[in-house]
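Residue numbers (my numbering): 63 to 200. Cβ coordinates follow ideal geometry from the N, Cα and C atoms, glycine included.
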């Protein structure tokens, strides 16, 4: 009787330990704090991405341009125009993983900045309405 009871206890422990439920991670992320599926930016515009994955121990970002990164939050920009697929792979310690992706549309900038280095005023036509400035004013 003792052996049967011991056998049943060992069998119960074995069954309970085998029925451990594997939990899959859920991959999710935001673009600039929003859950939008597509983001349009200009070349060199910076934007923020943050992993909101659940049940994951590590993340891997595939930026769609050959770069990969492992930080959970990033500030990104793309130097070339085009359509990129930003992918997040969330992995847990059991080796299970899931991935999610969003589209990034990068547009060329027509004009980003004008830098004026100097201004030339033709004072020969000052009587015809060209503005005069006083160089002694601070």
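Counted within 10 angstroms of its Cβ, other Cβ atoms place residue i as buried (16 or more) or exposed
i: residue 151; result: buried
i: residue 142; result: exposed
i: residue 98; result: exposed
i: residue 111; result: buried
i: residue 89; result: buried
i: residue 182; result: exposed
i: residue 164; result: buried
i: residue 180; result: exposed
CB contact flag (residue i, residue j, <8 angstroms)
i: residue 126; j: residue 102; result: no
i: residue 113; j: residue 87; result: no
i: residue 119; j: residue 154; result: yes
i: residue 91; j: residue 162; result: yes
i: residue 100; j: residue 178; result: no
i: residue 156; j: residue 108; result: no
i: residue 136; j: residue 130; result: no
Cut-off 8 angstroms between Cβ atoms - residues of its own chain near residue i, not counting five sequence neighbours on either side
i: residue 170; result: 104, 105 and 143
i: residue 72; result: none
i: residue 10; result: Lying outside 63 to 200, the shown extent of the chain, residue 10 is not represented and no answer is given.
Sequence-distant residues of the same chain with beta carbon closer than 7 angstroms to residue i, five excluded per side
i: residue 158; result: 84, 86 and 87
i: residue 172; result: none
Own chain residues within Cβ distance below 6 angstroms of residue i, not counting five before or after
i: residue 124; result: 130 and 149
Could you tell me which uninterrupted beta strand (DSSP E) segments, each at least 3 residues in length, are contained entirely in the stretch 121 to 184, listed from first to last along the chain?
-> 135 to 138, 144 to 153 and 159 to 169
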